[in-house]
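The structure under discussion appears below in the form of structure tokens.
Residue numbers (our numbering): 1 to 411.
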């Protein structure tokens with residue numbers, strides 16, 4: 001087995017991106033900025049129904065829980081009905097649920113309506129990944145994954161700022177505006193997405209065969225991607241959002257804004273590298289970028305536990321964000337490589353998403369227990385250790401990029 005960074009450089013020319021990819025990127029930005037609008041006000045909105053902090057947190061978790069539970073059904077729908085209609089149906093479900101959330105008259109209505117939004121979210125997330133997999137040229141999958149993630153990142157950065165301003169007019173207002181941005185995204189896809197329809201017998205072409213999860217699991221690259229997706233969800237989407245703000249508030253006498261500064265620093269680090277990382281994964285392979293991203297993320301997460309000044313916290317957060325930015329495009333492109341453009345991969349993509357969502361749900365709970373028992377340092381050591389451990393399956397995984405020489409072990 002050759003080393004993980006010994007892949008040959010592809011000599012393929014720079015591949016132009018299909019117009020449909022730009023349509024999906026524009027829709028992703030509209031979705032993300034809308035989601036960012038409601039993120040900072042949702043906990044306060046839930047508390048306005050005179051419930052405890054725990055009950056308010058359940059509302060936040062309900063969205064992710066419904067995403068996780070409905071993911072298998074979402075993958076099934078994508079394989080059976082096609083990506084385009086599942087994508088738009090999912091967006092419309094979130095439109096209705098978000099509008100209902102803004103109109104909720106009780107805590108239980110809020111909980112149900114917000115949870116149902118997770119159902120629609122997993123529908124359009126899986127179908128969007130499936131569309132990108134089918135529409136992306138093999139030599140540009142990493143670049144496209146990076147571009148798509150950048151659109152979401154920019155929306156998530158700008159959305160909370162606008163959401164805070166809109167909340168001045170009432171905490172329900174951001175939900176109404178979010179519904180509008182989702183309608184815009186649906187309209188963009190309906191009008192401008194030309195190549196999103198899957199080949200069928202009506203076109204005189206063979207219908208796409210669905211790739212079973214059990215077949216994808218035979219590929220070492222897919223198995224490794226499930227592991228890294230879980231630990232990345234644990235760290236980036238779970239611990240970062242739930243534990244890092246508490247750590248910052250508990251250890252630094254810098255006011256409540258330090259928690260937001262830590263989260264923003266992570267986003268800045270990710271934004272700085274994510275597009276370039278996607279391009280590099282197309283040029284040099286998926287494995288080197290995934291392994292490098294996991295190493296950077298793991299070490300910087302370990303260091304967080306010993307940060308005793310604000311500059312150190314910000315620096316560690318930026319580096320952790322860079323690690324996630326290097327990891328994610330290559331990881332997503334590797335799954336797209338396994339599926340290929342000629343297979344329907346809804347269930348395979350749903351399983352990949354479930355791994356991340358499971359980590360995002362379990363991470364804060366288990367790390368919270370560790371923090372209560374042993375302190376924040378132990379919690380970050382656990383999270384960083386998991387990120388570093390996820391390197392191991394990638395060391396033995398086969399490179400998935402079809403234009404590169406396979407210099408690693410077999411399946």
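From the three backbone atoms N, C-alpha and C, an ideal C-beta is built for every residue, glycine too.
- Residue 106 is classed as exposed because its beta carbon has fewer than 16 other beta carbons within 10 Å across all chains shown.
- In this chain, the alpha helix (DSSP H) harbouring residue 122 covers 107 to 135.
- Taking C-alpha positions only, residue 354 is separated from residue 306 by approximately 31 Å.
- In this structure, the CA atom of residue 308 is about 19 Å from the CA atom of residue 297.
- Within 10 angstroms of the beta-carbon of residue 165 lie fewer than 16 other beta-carbons, which makes it exposed.
- Residue 343 sits in a strand when the DSSP states are folded into three classes.
- Taking the Cα of residue 249 as reference, the smallest distance to any Cα among 339, 262, 88, 211 is reached at 262.
- If you look at residue 83, you'll find it in the alpha helix (DSSP H) that goes 83 to 103.
- In the DSSP annotation of this structure, the continuous segment of the alpha helix (DSSP H) that includes residue 384 starts and ends at 376 to 389.
- About 30 Å separates the beta carbon of residue 141 from that of residue 316, a gap too long to meet the 8 Å contact definition.
- The C-beta separation of residue 310 from residue 252 comes to about 6 Å, placing the pair in contact by the 8 Å criterion.
- Judged by DSSP secondary structure, residue 300 falls within the alpha helix (DSSP H) whose first and last residues are 286 to 304.
- With contacts defined as CB atoms closer than 8 Å, residue 360 and residue 233 qualify as a contacting pair.
- Taken through DSSP and simplified to helix, strand or coil, residue 209 comes out as strand.
- If you look at residue 176, you'll find it in the alpha helix (DSSP H) that goes 173 to 192.
- For residue 111, the closest alpha carbon among the candidates 345, 47, 146 is that of 47.
- Distance from the CA atom of residue 216 to the CA atom of residue 269, rounded to whole angstroms, is 32 Å.
- In the structure shown, the three-state DSSP call for residue 164 is helix.
- By alpha-carbon distance to residue 213, the top candidate from 401, 339, 50 is 339.
- Excluding the 5 residues flanking it on each side, residue 173 has same chain C-beta neighbours closer than 6 Å at 166, in chain order.
- In terms of CA proximity to residue 114, 42 leads the group 190, 42, 223, 163.
- Residue 18 has its alpha-carbon roughly 10 Å from the corresponding atom of residue 194.
- A Cβ-Cβ distance of about 6 Å is found for the pair residue 325 and residue 277, placing them in contact under the 8 Å criterion.
- In the same chain as residue 155, and ignoring 5 residues on each side of it, the C-beta atoms closer than 8 Å to its own belong to 28, 29, 30, 31, 32, 33, 34, 35, 36, in chain order.
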